[in-house]
Structures are given as C-alpha cells and as structure tokens.
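Mapping of the sequence shown onto the numbering used here: position 119 corresponds to residue 119, and the numbering continues sequentially without gaps.
Think of the CB as a built atom: it goes at the ideal place given N, C-alpha and C, for glycine as much as any other residue.
Quick caveat: nothing in here was measured; it's all calculated off a predicted structure.
What follows is a short report on a single structure.
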Amino acid sequence: MRDHEALPYSLPVLPDTQSIARARSLRDRLRQRRTCREFSDRPVPRAVIAAAIEAAGSAPNGANHQPWHFAVVSSPDAKRAIREAAEEEERKFYAGKASEEWLEALAPLGTDEDKPFLETAPWLIVVFAQRKGGIEEDGRTQNYYVNESVGMACGLLIATLHEAGLATLTHTPSPMGFLREICGRPTHEKPLMIVVVGHPADGATVPAHALKKKPLDQIASWL
Ligand code: IYR
Numbered sequence: 001m002r003d004h005e006a007l008p009y010s011l012p013v014l015p016d017t018q019s020i021a022r023a024r025s026l027r028d029r030l031r032q033r034r035t036c037r038e039f040s041d042r043p044v045p046r047a048v049i050a051a052a053i054e055a056a057g058s059a060p061n062g063a064n065h066q067p068w069h070f071a072v073v074s075s076p077d078a079k080r081a082i083r084e085a086a087e088e089e090e091r092k093f094y095a096g097k098a099s100e101e102w103l104e105a106l107a108p109l110g111t112d113e114d115k116p117f118l119e120t121a122p123w124l125i126v127v128f129a130q131r132k133g134g135i136e137e138d139g140r141t142q143n144y145y146v147n148e149s150v151g152m153a154c155g156l157l158i159a160t161l162h163e164a165g166l167a168t169l170t171h172t173p174s175p176m177g178f179l180r181e182i183c184g185r186p187t188h189e190k191p192l193m194i195v196v197v198g199h200p201a202d203g204a205t206v207p208a209h210a211l212k213k214k215p216l217d218q219i220a221s222w223l
C-alpha cells in the first residue's frame, strides 16, 4: 500500500462454532423484518432514530465522503405536505403511468395511491444522496459511488431500526423532487427514499407473497 496515515486494526477471533452461531442468529432476526404498510401513531423516542442514523452513518462509502443526509420529519404539517405530494404522484402512477406489467407485479402487495402511513407513523426519515460535497459538504467536491454508499447506509438504518423493535417501510414516490423543497435541501442532493418508522397498527398485516424468499442455492454461486 502507498504511504498514508494508519491506525492498528484487529478483531477478536471467534471460534468457528461461535462465528457460525452468531451469523445465523443475526440472519434469523433480520429474516423477521417485514415491510409494514399499516402504522400506529404510538410515539417512538427520538434517541432510537438518532442511534439508527448514526449506525447508517458508519456504512462503507466512497472515499469516506459520507454522501448522505437524513432529514428527520415528525411535525404534522411537514408529514401532511409529504403525504399530499406523494399521493399526487402515486395517483398518476396507478392511473396509467405505470405499465400493466408493473401493476401486475405489485398486485400481490396490495399497494395503491393512498399513503396514510406518511401521516400516521411518528417518524419519516427522508434520505438524500449528495452528488457533490465531500466531507466538508461544500456543495462542489465530487462524491463517488453515491448510490452504492447511500444504499448501504439505508440497509444499516433499517437493520438497526428492526433491532430496536420498530417497523419500517421504504417508500419511493416517483418523481420525488418535492421532498427537496419540503425538507429544504439543496439541488445537488437527490432524494432517494423515505424510511417510514413506527410501530405496526393493531391488526396490521403484511403480504403473504413477500414471505417467499429465494433459497441460498439460487441467490449464491460458489466459485
Ligand atoms: N411507489 C409506489 C409503487 C410501488 C413500487 C414498488 I417496485 C414496490 O415494491 C411497492 C410500491 C407505491 O409506493 O405504491
């Protein structure tokens, strides 16, 4: 490696049996996560959201520029504005913008243009990808692997919220430029998704369809 400032790094070596057991245990907990579309208005402490965002901020990313911003929305007015704008886009989507094939693919999920969870859930985390900015967030420095970086951050965010016992929904209205205006973010930031966070509503259900996960031998090849 080229000369650079470096710090020592090591990990405690686990016995293989413990390593396997820990991987399986986290796998089993993560498998219990389901995308929830019916939320209760029961409050969730801000400290949980803060810790989950800090976990997200530890994700691997391009050149350590950390090209993400999380706009955390809890005010009823902002949530209503987001719901209204999202539903306007979704009405167009379900009324003809989406192809027949796409709508057929969505049918087992039961989704439609009504997005009440955007107002009911206590927290909306609006995730922005910073196309430019660097570590200093100067709005000019080039960022790298932005979608990959922010995608990994969202994975850690969702996993941490699940570990905290919360339900999540990744919502991606399209187009979602309106989120930039509502959240007051600059034009070099691209809204990527809304992570809806809260407790499931009493009697909430999830689509049976999504339980069917591809088995290991289908999703992995060993060379
Ligand atoms: N954004 C729309 C449609 C939608 C698209 C996909 I791909 C999904 O996995 C789920 C929904 C909506 O939120 O209804």
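heavy atom of the ligand IYR below 6 Å from residue i C-beta
| i | result |
| --- | --- |
| Thr160 | no |
| Thr111 | yes |
CB of residue i within 7 Å of CB of residue j, strictly
| i | j | result |
| --- | --- | --- |
| Met176 | Pro186 | no |
| Leu161 | Val196 | no |
| Leu118 | Ile82 | yes |
| Gln73 | Leu124 | Just to set this straight, residue 73 is Val in the shown sequence, not Gln. Yes. Within cutoff. |
| Asp41 | Thr120 | yes |
| Pro251 | Pro207 | No information on residue 251 is available, as it lies outside the stretch 1 to 223 that the chain covers here. |
| Ala167 | Cys36 | yes |
| Tyr94 | Glu113 | yes |
| Val44 | Gly155 | no |
| Glu87 | Lys115 | yes |
| Met152 | Pro60 | yes |
Nearest residue (CA-CA) to residue i, options the options
| i | options | result |
| --- | --- | --- |
| Ala55 | Val150, Glu119, Gln32 | Val150 |
| Phe71 | Asp112, Gly96, Glu101, Leu179 | Contrary to the premise, residue 71 reads as Ala rather than Phe in this sequence. Ranking Asp112, Gly96, Glu101, Leu179 by Cα distance to Ala71 puts Leu179 first. |
| Ile194 | Cys183, Ala201, Pro45, Ala59 | Cys183 |
| Gly139 | Glu148, His188, Ala105 | His188 |
| Asp202 | Gln66, Glu38, Ser99 | Glu38 |
| Lys132 | Gly62, Thr17, Ser19 | Gly62 |
| Lys212 | Pro67, Gln32, Glu84, Glu163 | Gln32 |
| His65 | Glu90, Glu89, Glu148 | Glu148 |
| Thr172 | Val127, Ala204, Leu216, Ser25 | Val127 |
| Ala50 | Arg34, Pro60, His69 | His69 |
| Leu11 | Ser19, Glu5, Ile219 | Ser19 |
| Pro76 | Gly96, Glu101, Ser99, Pro122 | Pro122 |
For residue i, the first and last residue of its enclosing beta strand (DSSP E)
| i | result |
| --- | --- |
| Ala216 | Residue identity check: residue 216 is Leu in the sequence provided, not Ala. It is not in any beta strand (DSSP E) - Leu216 instead sits in the alpha helix (DSSP H) that spans 216 to 219. |
| Leu192 | 189 to 198 |
Residue i: first and last residue of the uninterrupted alpha helix (DSSP H) it sits in
| i | result |
| --- | --- |
| Ala179 | The question names Ala, but residue 179 in the sequence shown is Leu. Taken as a continuous stretch (DSSP letters only), the alpha helix (DSSP H) holding Leu179 covers 178 to 183. |
Which runs of the alpha helix (DSSP H) spanning at least 4 residues fall entirely within the region 128 to 174, listed in chain order?
Counting only unbroken stretches of 4 or more residues, the alpha helix (DSSP H) elements lying wholly within the region 128 to 174 are 146 to 163, in sequence order.
Whole beta strand (DSSP E) elements within the region 62 to 137, 3-residue minimum
68 to 73, 123 to 130
Just to confirm the assignment: which complete alpha helix (DSSP H) runs, minimum length 4, are found wholly within the region 26 to 62?
46 to 56
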